[in-house]
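Okay, so here's the structure we're looking at.
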Amino acid sequence: MAWCRTKEINPKSPRPEEVAQFLADTFLKEGLAYSTILVQKSAVATFCGMKDDISSNFLVKQILKAIHNSKPPNFKSSVWDVKQVVYWLKQNPKDDSLFEIVRRTATILLLRSGRRLHDLTLLRNKEPYFTDTGREICLWPVFEAKTDNGSRRQSGRKLLPNEDSNLCPVKWIRLLIQATKERRTDKIDGHFFISIRGTPKPASRTMIVGWVRSVLKDARIEATPGSCRSAVASLAWLENRPIEEILERGNWTAAQTLMNHYCREINAQERDNGNYILDNFKPL
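So this is what it looks like as structure tokens:
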């Protein structure tokens, strides 16, 4: 806003050429990293409602290319394609075993949000942390997330139906609650994920990691379950989703952390992946 005032430019409707000048001035005067410049470009485009005009403008592209070449970012290894796992979830036949239900539910929740594996242990299936309206399900985690503190708390999740039942979070959550009903005791009742073998107890992060790892393996993904966070963030960024949406979805505290460590090139594979998985999740 201050830059627009000094240049006598309308901050709500700048021309793409003026956005290019803003990016160049910001880089030269403040020495910001290329990833930060990209975040600023995305923020301006979202605020002004000019995402397509700004992203496709020749001068903007040339300025970004020059900034990139003058201070190339550190190399980051590529990450697997979320759509490869979505393809596996869609194509494999439905299995009503408890193992199949819990691993699919855990994986779908991770891929829809891009949050930490540990955050799945914070979910509950009782009010006030769980509500099922009949059409959508809302989940609020208990106060134990890595980023929780006195002034900030992880947001909840609103999960919407998907027309493909194999990808529908609402369907799988209901199946999980019903399938684990007989294993739930007064001591563990309320925990969303519980053990599926032996003495019933709240599911640990290690248990959930094992479930998600089995899905990645069957989908021919050679990566750790913890990489889901990076894969989801990278895909959302590649699809030009607003930075605010990405930050809220994954419960990120800083855009710079996201850009420096998690947004990577994707090893994409060509295939039809309709019923897209990111569209059935909304942070609360």
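Under the working numbering, the first residue of the sequence shown carries the number 9, and numbering increases by one thereafter. Ideal Cβ positions, reconstructed from N, Cα and C, are used throughout, including at glycine.
**Request:** Spatial neighbours of Q48 within its chain, please: CB distance less than 7 angstroms, with the 5 preceding and 5 following residues excluded, ordered by chain position.
**Result:** The count along the sequence shown starts at 1 and reaches residue 48 at position 40. Excluding sequence neighbours, Q48 sits near L31 and T34.
**Asked** Using a Cβ-Cβ cut-off of 7 angstroms (strictly less than) and excluding sequence neighbours within five positions of F151, which residues of its own chain qualify?
**Response** Translated into positions along the sequence shown, residue 151 becomes position 143. Counting only Cβ-Cβ distances below 7 angstroms, and skipping sequence neighbours, we find R161.
**Request:** Return the chain-ordered list of same chain residues with a C-beta closer than 7 angstroms to the C-beta of I71, the five sequence neighbours on each side being excluded.
**Result:** Within the sequence shown, the letter at position 63 stands for residue 71. The answer, listed in chain order, is A28, L31 and A32.
**Prompt:** Sorted by chain position, which residues of the same chain lie with C-beta nearer than 6 angstroms to R279's C-beta, five sequence neighbours on each side aside?
**Reply:** Within the sequence shown, the letter at position 271 stands for residue 279. Low confidence applies to R279: its pLDDT is 47, below 50, so where it sits in the model is not reliable, and the reading given next is rough at best. So the qualifying residues of the chain are Y95.
**Asked** Are the CB atoms of A241 and Y270 nearer to each other than 7 angstroms?
**Response** Residue 241 sits at position 233 when you count from the first residue of the sequence shown. Residue 270 sits at position 262 when you count from the first residue of the sequence shown. Yes, the pair counts as a contact, with Cβ atoms nearer than the cut-off.
**Message:** Tell me the rounded alpha-carbon separation between L119 and L168.
**Reply:** What you label residue 119 is simply residue 111 of the sequence shown in a count that begins at 1. What you label residue 168 is simply residue 160 of the sequence shown in a count that begins at 1. Whole-angstrom Cα-Cα distance: 14 angstroms.
**Message:** Using a Cβ distance threshold of 8 angstroms, determine whether the stretch 100-113 contacts the stretch 187-205, with at least three qualifying pairs required.
**Reply:** yes
**Item:** For C146, the residue or residues it bridges with in DSSP
**Value:** In the sequence shown, counting from the first residue as 1, residue 146 sits at position 138. The partner list for C146 (beta bridge, DSSP) reads T139 and K166.
**Proximity of R272 and V87 at Cβ, strictly below 7 angstroms** = Residue numbering aside, residue 272 sits at position 264 when the sequence shown is read from its first letter. Residue numbering aside, residue 87 sits at position 79 when the sequence shown is read from its first letter. Yes.
**Message:** I need the DSSP call for P250, collapsed to helix, strand or coil.
**Reply:** In the sequence shown, the residue the question calls residue 250 occupies position 242. If DSSP states are grouped into helix, strand and coil, P250 belongs with coil.
**Message:** So, at 8 angstroms on beta carbons, what are the nonlocal neighbours of I229 in its own chain, with the 5 sequence-adjacent residues on each side left out?
**Reply:** Translated into the one-based positions of the sequence shown, residue 229 becomes position 221. Hits under 8 angstroms: W88, Q92 and V93.
**Message:** Under 8 angstroms: do the stretch 126-142 and the stretch 187-199 share three or more Cβ pairs, one atom per stretch?
**Reply:** yes
**Asked** So who's on the other strand from H126, going by DSSP bridges?
**Response** By one-based count along the sequence shown, residue 126 stands at place 118. None; H126 has no bridge partner.
**W88 (DSSP reduced to helix, strand or coil)** = Taking the first residue of the sequence shown as 1, we reach residue 88 at position 80. Per DSSP, reduced to three states, the secondary structure at W88 is strand.
**Asked** Mind checking whether G164 and C146 have CB atoms under 7 angstroms apart?
**Response** Here residue 164 corresponds to residue number 156 of the sequence shown, with the count starting at 1. Here residue 146 corresponds to residue number 138 of the sequence shown, with the count starting at 1. The answer is yes: Cβ separation under 7 angstroms.
**Message:** Runs of 3 residues minimum, wholly inside the stretch 171-214: which ones carry the beta strand (DSSP E) assignment?
**Reply:** Taking 3 residues as the shortest admissible run, the stretch 171-214 contains no complete beta strand (DSSP E) segment at all.
**Prompt:** Counting Cβ pairs, one atom from each stretch, are 3 or more of them under 8 angstroms apart for the stretch 50-59 and the stretch 246-265?
**Reply:** yes
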